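Participant: Residue numbers (the numbering used here), protein chains in the order written: chain A, 1 to 314; chain B, 1001 to 1151.
Quick one: structure below, then a few questions.
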Amino acid sequence: MENRSVVSIADYSKEKIQYLLDMATEFEARPNRRLLEGKVVATLFFEPSTRTRLSFETAANRLGARVIGFSDPKATSSSKGETLKDTIKMVSNYADVIVMRHYLEGAAQYASEVTNVPIINAGDGANLHPSQTMLDLYSIYKTQGTLYNLNIYMVGDLKYGRTVHSLLMSMRKYNPTFHFIAPKELEMPEEYKIYCKQNNINYIEQQDFTEDTIADADIIYMTRVQRERFSDLMEYERVKDAYILKADMLGKCRDNMKILHPLPRVNEIEYDVDESKHAYYFEQAQNGLYAREALICDVLGITLDDIKNDKNIK
Amino acid sequence: MEHNKEQMMVAALENGSVIDHIPTDKLWTIAQLLNLDKCPEEVVIANNLESKVMTRKGLIKISGKFFSEEEISKLAVVCPNIRLTVIRNYEVTEKRQINLSDTIINIVKCANPVCITNNEPMKTYFNVKDLTTLKCRYCGKEQSLDSIKLK
């Protein structure tokens, strides 16, 4: 049996991405379905992640599936020393699809190799988080009408930010221009700059984050600058307020510009920005539901045509 | 003189293998990798021999030993350019440059401590990039071939 697991979407073709975006569009129009009636979705969270888990479980429930799983590995046998392989083998006897979050990098790839039940990677350590990337792509596509030729500004922690790295790689086929705005200590790692060069992706690096420097943005992707990421705390104190987006910085920005953030936010977007028409982070989180409905259906072999011709809409 | 001595050593082997062109700093790693300290057969280990190709080199001669492909790929990971000579009945029956394969399975340890391979009883798997870099199939982290640790 072909394993339809989603470990990474970095190598998906443009056609495949468009197919999933079209699926998500269908689900946004009608999120409540019975497509997965009689199916069981397991959500195995070896590391707590309330936001991602609730989004996946809501997606499964809105498709008519039943959900089993755990959100705290302390209550499971893995705390007794059970291997990941054994846990996956055991759950494979019960579930039709396994959504898994794990604190170790590469865990999803390995899980997909030890079972025929499709695995959806809901984050493996600092490595990959494809459903987040999918919802980011859907949010960009929905607000801009295209993924092509966009000015995407990434702001804040570009060194450790897994979501910005995944987004960067997934956008490579769409001729983006990236602006990397970050403090020196948290600038985009060299390997991703090399990746940009190898893939002919334009990028500009800057440290200034002002009304003028963001005027040409189509998308501003904000991330959190965390204190614990700094080896030099004086440097943190110096830059901590330099990467905060404020409402008065939006005066010159493009009409179509939208602000994204993977959430949770702490103080990097001031609350007065929430009222702006450019704020999009809460809708972005909602888009996660549709993107995840699309991913769950895709791994279970439910096609876009099945969804379009679905007569059983609640 | 040195050259003749070396020829004598190799020629004296009735059946077995000679690993030649070993970088002098890798000789003991190779000896360890092959568990030569436990080898009951006749073993000759030589280092800092003169070499036309590489100034100085190491050489290992093992009587009665014929390497499996798996062992050869292990050697290739540690020293990508060594030469293997197989001797049967005092005759050289095979002489070949060892090449690194595209994938390296269960030989090298991933350098990333939070990689699943370092926390689960499982095989490691690396893709070789440009003959200098290994990329872990699981965590995606790259490491230079110069600084690998064996499993």
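Where a beta carbon is used, it is the ideal one built from N, C-alpha and C, also for glycine.
Just so you know, these numbers come straight off a predicted model, no measurement behind them.
What does B/Gly1140 reach in chain A if we use C-beta pairs closer than 7 Å?
Facilitator: The residue you call residue 1140 of chain B lines up with position 140 of the second sequence. In chain order: Asn127.
Participant: The alpha helix (DSSP H) that contains A/Met134, what's its start and end?
Facilitator: As a working mapping, residue 134 of chain A is identified with position 134 in the first sequence. Residues Pro130 to Gln144.
Participant: According to DSSP, B/Ala1046 sits in a beta bridge with which residue or residues?
Facilitator: Numbered from its first residue, the second sequence carries residue 1046 of chain B at position 46. Paired residues: B/Leu1059.
Participant: Consider the Cβ of A/Met1: report whether some Cβ of chain B lies at a distance smaller than 7 Å.
Facilitator: Residue 1 of chain A sits at position 1 when you count from the first residue of the first sequence. In this prediction, A/Met1 scores a pLDDT of 46, lower than 50, which makes its location untrustworthy; the coordinate-derived value is nonetheless stated afterwards. So no, A/Met1 is outside the interface.
Participant: Please check the pair A/Ser71 and A/Asn287, which I expect to be a contact at CB under 8 Å, by giving their CB distance rounded to whole angstroms.
Facilitator: Working through the first sequence from its first residue, we reach residue 71 of chain A at position 71. Working through the first sequence from its first residue, we reach residue 287 of chain A at position 287. The Cβ separation is near 23 Å, so there is no contact.
Participant: Within the same chain, show all residues whose beta-carbon is closer than 6 Å to that of A/Asn199, passing over the 5 residues directly before and after it, in chain order.
Facilitator: Counting from one through the first sequence, the residue named residue 199 of chain A turns up at place 199. These residues qualify, in order along the chain: Arg172.
Participant: Indicate the three-state DSSP secondary structure (helix, strand or coil) for A/Val164 in the structure shown.
Facilitator: For this step, residue 164 of chain A is matched to residue 164 along the first sequence. It is helical.
Participant: Just to make sure I have the definition right: I need the residues of chain B whose C-beta is within less than 9 Å of the C-beta of A/Tyr138. Which are they?
Facilitator: Counting from one through the first sequence, the residue named residue 138 of chain A turns up at place 138. Near A/Tyr138 there are no residues of chain B at all, since even the closest Cβ is about 24 Å away, more than 9 Å.
Participant: Any beta-carbon of chain B closer than 7 Å to the one on A/Leu221?
Facilitator: Indexing the first sequence from 1 puts residue 221 of chain A at position 221. Looking at the sequence itself, residue 221 of chain A is Tyr, so the reference to Leu does not match. Judged by the 7 Å Cβ criterion, A/Tyr221 is not in contact with chain B.
Participant: What does a CB cutoff of less than 8 Å around A/Lys14 pick up in its chain, not counting 5 residues either side in sequence?
Facilitator: Position 14 of the first sequence, counted from the start, is the residue given in the question as residue 14 of chain A. Answer for A/Lys14: Lys173 and Tyr174, listed in chain order.
Participant: Using alpha carbons as the reference points, say which of B/Ile1062, B/Gly1140, B/Asn1099 and B/Leu1084 lies closest to A/Asp124.
Facilitator: Here the question's residue 124 of chain A lines up with position 124 in the first sequence. Answer by Cα proximity: B/Gly1140.
Participant: Determine the chain A residues that contact B/Val1114 at a beta-carbon separation under 8 Å, and present them in chain order.
Facilitator: Within the second sequence, the letter at position 114 stands for residue 1114 of chain B. Within 8 Å Cβ-Cβ: Tyr103, Leu104, Glu105, Gly125 and Ala126.
Participant: Between A/Leu186 and A/Asp157, which are expected to be in contact by the criterion C-beta below 8 Å, what is the C-beta distance as a whole number of angstroms?
Facilitator: Residue 186 of chain A sits at position 186 when you count from the first residue of the first sequence. Residue 157 of chain A sits at position 157 when you count from the first residue of the first sequence. At roughly 5 Å, the Cβ-Cβ gap stays under 8 Å, so A/Leu186 and A/Asp157 are in contact.
Participant: If you drop the 5 nearest sequence neighbours on each side, which residues of the same chain put their C-beta closer than 6 Å to that of A/Ile88?
Facilitator: As a first step, residue 88 of chain A must be located in the first sequence, where it is residue number 88. So the qualifying residues of the chain are Ala111, Val114 and Thr115.
Participant: Would you check whether the ligand GTP has a heavy atom nearer than 6 Å to the C-beta of B/Lys1149?
Facilitator: Of the ligands one can find in the structure shown there are none, so the ligand GTP has no counterpart to examine.
Participant: A/Phe56: buried (16+ other C-beta within 10 angstroms of its C-beta) or exposed?
Facilitator: The residue given as residue 56 of chain A occupies position 56 in the first sequence. Burial call: buried.
Participant: Using 7 Å as the limit for Cβ to Cβ distance, is B/Asn1099 near chain A?
Facilitator: Counted from its first residue, the second sequence places residue 1099 of chain B at position 99. Chain A contact via Cβ: absent.
Participant: Per DSSP, which residues does A/Lys159 bridge with? Please list them.
Facilitator: The count along the first sequence starts at 1 and reaches residue 159 of chain A at position 159. BP columns for A/Lys159 are empty, so no partner.
Participant: Name the chain B residues whose beta carbon is nearer than 7 Å to that of A/Gln132?
Facilitator: Taking the first residue of the first sequence as position 1, residue 132 of chain A is located at position 132. Neighbours of A/Gln132 on chain B: none; closest Cβ ~16 Å, over 7 Å.
Participant: Put A/Gln226 into one of helix, strand or coil per three-state DSSP.
Facilitator: As a working mapping, residue 226 of chain A is identified with position 226 in the first sequence. The answer is coil: DSSP assigns A/Gln226 none of H, G, I, E or B.
Participant: Terminal residues of the continuous alpha helix (DSSP H) containing A/Gly288?
Facilitator: For this step, residue 288 of chain A is matched to residue 288 along the first sequence. A/Gly288 -> alpha helix (DSSP H) spans Tyr281 to Val299.
Participant: Nearest CA to the CA of A/Tyr322: which residue from A/Lys74, A/Leu104, A/Ala42 and A/Leu84?
Facilitator: Outside the modelled stretch of chain A, which goes from 1 to 314, sits residue 322 of chain A, for which no answer is possible.
Participant: Would you list the residues sitting across from A/Ile152 in a DSSP beta bridge?
Facilitator: By 1-based counting over the first sequence, the position of residue 152 of chain A is 152. According to DSSP, which records beta bridges pairwise, A/Ile152 is partnered with A/Phe178 and A/Ile219.
Participant: Might you give, ordered along the chain, the residues of its own chain that have their beta carbon closer than 6 Å to the beta carbon of A/Ser8, omitting 5 neighbours on each side?
Facilitator: Reading the first sequence from its first residue, position 8 is the one you call residue 8 of chain A. For A/Ser8, where only same-chain residues beyond five positions count, the Cβ hits under 6 Å are Leu128 and Pro130.
Participant: Below 8 Å on the Cβ atoms is my guess for A/Ala122 versus A/Val99; work out the distance and round it to an integer in Å.
Facilitator: Along the first sequence, one-based indexing puts residue 122 of chain A at 122. Along the first sequence, one-based indexing puts residue 99 of chain A at 99. Right, the Cβ-Cβ distance comes to about 5 Å (below 8 Å), so this counts as a contact.
Participant: Quickly, what does DSSP pair B/Val1108 with across the bridge? List them, please.
Facilitator: Position 108 of the second sequence, counting from 1, holds the residue named residue 1108 of chain B. Its beta-bridge partners are B/Leu1150.
Participant: In the DSSP assignment, find the alpha helix (DSSP H) that holds A/Cys196 and state where it starts and stops.
Facilitator: Here residue 196 of chain A is taken as the residue at index 196 of the first sequence, counted from 1. Looking at the DSSP string, the run of the alpha helix (DSSP H) that includes A/Cys196 is Glu190 to Gln198.
Participant: Could you tell me how far apart the beta carbons of A/Arg33 and A/Ile214 are, in whole angstroms, since I believe they sit closer than 8 Å?
Facilitator: Here residue 33 of chain A corresponds to residue number 33 of the first sequence, with the count starting at 1. Here residue 214 of chain A corresponds to residue number 214 of the first sequence, with the count starting at 1. That belief does not hold up - the Cβ atoms of A/Arg33 and A/Ile214 are roughly 39 Å apart, past 8 Å.
Participant: Using a cut-off of 7 Å between C-beta atoms, extract the partners of B/Thr1117 located in chain A.
Facilitator: For the purposes of this step, residue 1117 of chain B is identified with residue 117 of the second sequence, where counting begins at 1. Those within 7 Å of B/Thr1117 in chain A are Gly106.
Participant: Please work out which residues of its chain come closer than 8 Å, Cβ to Cβ, to A/Met1, disregarding the five sequence neighbours upstream and downstream, and give them in chain order.
Facilitator: Position 1 of the first sequence, counted from the start, is the residue given in the question as residue 1 of chain A. Caution applies to A/Met1, whose pLDDT of 46 falls short of 50 and renders its modelled position unreliable; the model cannot decide the point.
Participant: Exposed or buried, which one is B/Met1090 when buried takes at least 16 other CB atoms within 10 Å?
Facilitator: Counting from 1 along the second sequence, the entry for residue 1090 of chain B is found at position 90. Per the sequence shown, the amino acid found at residue 1090 of chain B is Tyr instead of Met. Per the 10 Å Cβ criterion, exposed.
Participant: For A/Glu105, which of helix, strand or coil comes out of DSSP?
Facilitator: Counting from one through the first sequence, the residue named residue 105 of chain A turns up at place 105. A/Glu105: strand per DSSP, three-state reduction.
Participant: Relative to the C-alpha of A/Pro262, which residue among A/Glu270, A/Thr163 and A/Gln226 is closest?
Facilitator: Stepping through the first sequence from its first residue, residue 262 of chain A is reached at position 262. Looking at the Cα atoms, A/Thr163 is the closest of the given residues.
Participant: When we look at the beta-carbon of A/Thr50 and count the other beta-carbons within 10 Å, is it buried (16 or more) or exposed?
Facilitator: Here residue 50 of chain A refers to the residue found at position 50 of the first sequence. That one is exposed.
Participant: In whole angstroms, give me the CA-to-CA distance for A/Tyr19 and A/Tyr12.
Facilitator: On the first sequence, residue 19 of chain A is found 19 positions in, with the first residue counted as 1. On the first sequence, residue 12 of chain A is found 12 positions in, with the first residue counted as 1. Answer to the nearest angstrom: the Cα atoms are 11 Å apart.
Participant: Rounded to the nearest angstrom, how far is the Cβ of B/Gly1016 from that of B/Ser1063, given a contact under 8 Å?
Facilitator: Locating residue 1016 of chain B in the second sequence gives position 16, where the first residue counts as 1. Locating residue 1063 of chain B in the second sequence gives position 63, where the first residue counts as 1. The Cβ separation is near 4 Å, so the contact holds.
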